[in-house]
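To keep things clear, I will list the structure first and then write my remarks on it.
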Amino acid sequence: DGDNDTAGDLEEVKASICEIIELYAQRFEEEFKQLPQFVETVWSMLTTVGAGHKYDGVVSKGMAFLRTVVRNPRQRALFSSSESLKLICERIIIPNTVLPETDEELFEDDPIQFVRREVEGSVADSRREAAADLVRGLLDQFSAETTQVMSAYIQRGLEQYAANPAAHWRDKDVALFMVTSVAVVASVGSLGATQVNDLVNVSDFFSSHILQHLQDVGSDQHAPILKVDAIKYVNTFRSQLPPSLLAQALPLLAHHLGHANPVVSTYAAIAIERLLVLKRDGALLFGPADVQPLAEVMLGHIFCTLERADSPQKLAENEYLMKTVMRVFLASRTNILPLAPAALGKLAVILGEVSKNPSNPKFNHFLFEAVGSLARFSCAADASAIGQFEATLFPIFQMILQEDVSEFMPYVFQILAQLLSVHQTSGRLPDAYISLLSPLLQPSLWGAQGNIPALVRLLQSYLQTGGSQLASEGQLQPILGVFQRLIASRANDHHGFNLLLAISQFTPAESLKQYLKAILTL
3 DGDNDTAGDL EEVKASICEI IELYAQRFEE EFKQLPQFVE TVWSMLTTVG AGHKYDGVVS
63 KGMAFLRTVV RNPRQRALFS SSESLKLICE RIIIPNTVLP ETDEELFEDD PIQFVRREVE
123 GSVADSRREA AADLVRGLLD QFSAETTQVM SAYIQRGLEQ YAANPAAHWR DKDVALFMVT
183 SVAVVASVGS LGATQVNDLV NVSDFFSSHI LQHLQDVGSD QHAPILKVDA IKYVNTFRSQ
243 LPPSLLAQAL PLLAHHLGHA NPVVSTYAAI AIERLLVLKR DGALLFGPAD VQPLAEVMLG
303 HIFCTLERAD SPQKLAENEY LMKTVMRVFL ASRTNILPLA PAALGKLAVI LGEVSKNPSN
363 PKFNHFLFEA VGSLARFSCA ADASAIGQFE ATLFPIFQMI LQEDVSEFMP YVFQILAQLL
423 SVHQTSGRLP DAYISLLSPL LQPSLWGAQG NIPALVRLLQ SYLQTGGSQL ASEGQLQPIL
483 GVFQRLIASR ANDHHGFNLL LAISQFTPAE SLKQYLKAIL TL
């Protein structure tokens with residue numbers, strides 16, 4: 003049934019056959035005498051199969067088989083003629099790099115899933131990725147010839163778009179996808195492309211065909227997908243583009259955080275986050291002075307987007323935005339201080355909302371990392387800022403502890419330890435922390451394994467800030483009770499000894515003397 007999007011038995015059998023003959027081509031080449039006939043059969047199938055979703059599996063497996071054969075130097079003769087290369091590009095690769103209609107629908111209907119699927123590479127049987135892999139296989143053996151053939155099709159797509167952008171945006175989308183396929187020789191997730199095709203000038207292409215989609219935030223309303231392509235290009239080639247072009251791109255990306263299309267704004271966030279950790283010659287390409295003029299714009303757009311969510315689940319849906327908030331704080335360092343009060347208020351509202359129903363662990367992780375980073379650099383710039391952080395966060399933390407929001411407790415303890423450490427110079431524990439100590443020593447909290455490292459770190463901070471005070475107020479015995487509990491467990495004994503080390507370092511020896519015999523006999 004041609005209208006059925008689900009692969010039938012015939013399609014699944016063909017896909018399985020392609021997998022089997024690919025294994026034969028990899029492992030039993032000498033015995034695989036029928037290899038040329040299978041190449042011809044698969045080639046013919048790929049040029050005649052329909053565009054329906056039901057055929058994605060057999061098409062991707064068929065192209066994977068061809069890629070395996072192409073990469074074998076002993077099979078060069080099967081593909082070496084210019085006519086063969088032209089045909090494989092024109093009739094197999096290019097038709098399968100067109101963005102599927104189902105992806106266009108996902109782009110509109112579930113934008114975060116669209117992004118997550120691409121970023122995490124969770125698309126099974128993707129024709130596009132299979133076509134890109136086939137291009138890379140051809141480049142392994144026929145680099146110059148493949149680049150020349152593909153460049154002609156890329157140029158044609160760009161010219162069609164230039165003649166009528168509204169009617170031919172898909173042609174440019176295909177062209178941009180093919181440029182990346184041809185240009186990237188090697189890549190890693192943390193750096194993007196680490197080696198590029200010498201025959202492709204990625205900087206010139208950026209200036210001629212990418213920059214135009216970034217310069218006007220409101221452009222490409224008929225095809226926001228091209229804007230996403232442009233942002234992905236910057237992200238992919240961030241380690242190859244010169245600093246001057248990246249410096250030109252960063253403020254443009256910052257404004258795209260406010261784009262109406264969620265896929266565009268999310269990809270802008272992803273690209274910015276990666277640029278802010280990019281290093282050249284061992285140093286960050288964008289330091290605090292570079293980030294400061296853009297920080298308010300970036301944070302404003304992201305918080306505005308997050309505030310539009312109508313439920314805790316929707317608010318926490320997009321972890322990429324919160325990761326970028328965290329990265330802006332880390333990149334700004336102490337320069338974030340003027341923006342800290344407003345940013346803290348926004349984070350507190352978000353934290354209060356997602357605490358009602360934690361749903362996305364990645365979002366929650368970056369949220370607490372953002373809070374911790376903001377507190378760290380704000381208090382480093384101005385120690386008096388600690389008062390505002392405590393006044394804002396303590397009510398939320400108390401609610402989390404009272405409501406037993408177990409997912410958030412380790413984070414709360416870590417942040418409390420960080421905030422308390424700011425008071426170390428005073429030598430006194432503030433009243434709010436003193437009142438919190440007794441609940442922190444309750445066995446129920448220590449029964450959850452995930453709490454233990456953060457709770458130990460918090461008690462270490464208590465001792466480091468006011469060890470003498472704790473000893474004089476009779477708090478050493480219950481803390482030593484925690485130590486006794488921890489060393490009784492093989493899984494936690496190292497945490498127990500870390501706690502004991504803090505006790506011995508930061509409390510008066512005279513106060514500890516009465517407990518030494520008991521400690522040594524444990």
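Residue numbers (our numbering): 3 to 524. Note that CB positions come from ideal geometry on N, CA and C, so glycine has one too.
Between THR196 and GLU275 the beta-carbon gap is near 19 Å, outside 8 Å, which marks them as no contact. In this structure the segment 193 to 213 touches the segment 235 to 242; the number of beta carbon pairs closer than 8 Å is three or more. At a Cβ-Cβ threshold of 7 Å, ALA333 and LEU278 count as neighbours. A contact is defined here as three or more CB-CB pairs under 8 Å, and the segment 346 to 364 fails this definition with respect to the segment 291 to 299. Within the model, the alpha-carbon separation for ILE505 versus LEU213 is close to 59 Å. Going by beta carbons, ASN337 and PRO295 fall outside the 7 Å limit.
It is roughly 10 Å from the alpha-carbon of LEU395 to the alpha-carbon of LEU421.
As computed with DSSP, LEU286 is found in a beta bridge with LYS281. With respect to the C-alpha of TRP45, the residue from ASN366, LEU228, CYS91 having the closest C-alpha is CYS91.
By the 16-neighbour rule on beta-carbons within 10 angstroms, ASP206 is exposed. Excluding its 5 nearest sequence neighbours in each direction, LEU308 has C-beta neighbours in its own chain below 7 Å: LEU317, LEU323, ILE352, listed in chain order. It is roughly 32 Å from the alpha-carbon of VAL184 to the alpha-carbon of GLY260. The segment 163 to 240 contains, as complete beta strand (DSSP E) runs of 3+ residues, the segments 186 to 190, 194 to 198 (chain order). Beyond the five residues adjoining it in sequence on each side, HIS211 comes within less than 7 Å, by CB distance, of LEU160 in the same chain, given in chain order. Under the DSSP assignment, GLY354 falls in the alpha helix (DSSP H) whose first and last residues are 342 to 356. Judged by DSSP secondary structure, CYS381 falls within the alpha helix (DSSP H) whose first and last residues are 363 to 383.
The C-alpha of VAL407 is placed about 8 Å away from the C-alpha of LYS358.
Comparing alpha-carbon positions, the option among LEU101, GLY449, LEU339, THR99 lying closest to SER386 turns out to be LEU339. Taking a 10 Å sphere around the C-beta of GLY123, we find fewer than 16 other C-beta atoms and assign the residue as exposed.
In this structure the segment 39 to 55 does not lie against the segment 111 to 119, because fewer than three pairs of beta carbons, one per stretch, are closer than 8 Å.
The segment 371 to 386 and the segment 412 to 421 touch, with three or more beta-carbon pairs separated by less than 8 Å. Looking only at HIS367, PHE499, VAL424, the smallest Cα-Cα distance to ALA383 is reached by VAL424. In the three-state DSSP reduction, ASP7 falls in the coil class, being neither helix nor strand. Within the same chain, Cβ atoms closer than 7 Å to the Cβ of GLY469 are found at PHE508, THR509, the five residues on either side in sequence being excluded. Across the structure, VAL219 and LEU403 are spaced so that their CA atoms are roughly 43 Å apart. In this structure PHE368 touches GLU321 by the C-beta definition: roughly 6 Å separates them, less than 8 Å. When rounded, the separation of the alpha-carbon atoms in GLN217 and ALA344 is 29 Å.
Ranked by Cα distance from PRO97, the first of THR70, GLY52, VAL202, ALA493 is GLY52. DSSP places TYR322 within a helical segment (H, G or I) once states are collapsed to three. Counting along the chain, the unbroken alpha helix (DSSP H) around PHE116 starts and ends at 113 to 121.
Its Cα nearest to that of VAL293, the residue PHE331 stands out among HIS258, ASN494, PHE331. GLN36 counts as exposed, since fewer than 16 other C-beta atoms from the protein chains shown sit within 10 angstroms of its C-beta.
Counting every other CB atom within 10 Å of its CB across the protein chains shown gives ARG282 a total below 16, marking it as exposed. Burial is judged here by how many other beta carbons sit within 10 angstroms of a residue's own beta carbon; ASP433 has fewer than 16 and is exposed. For GLY354, same chain residues with a beta-carbon under 7 Å away, outside a window of 5 residues either side, are ILE398 in chain order.
Put simply, the backbone Cα of ILE22 is about 32 Å away from that of GLU106.
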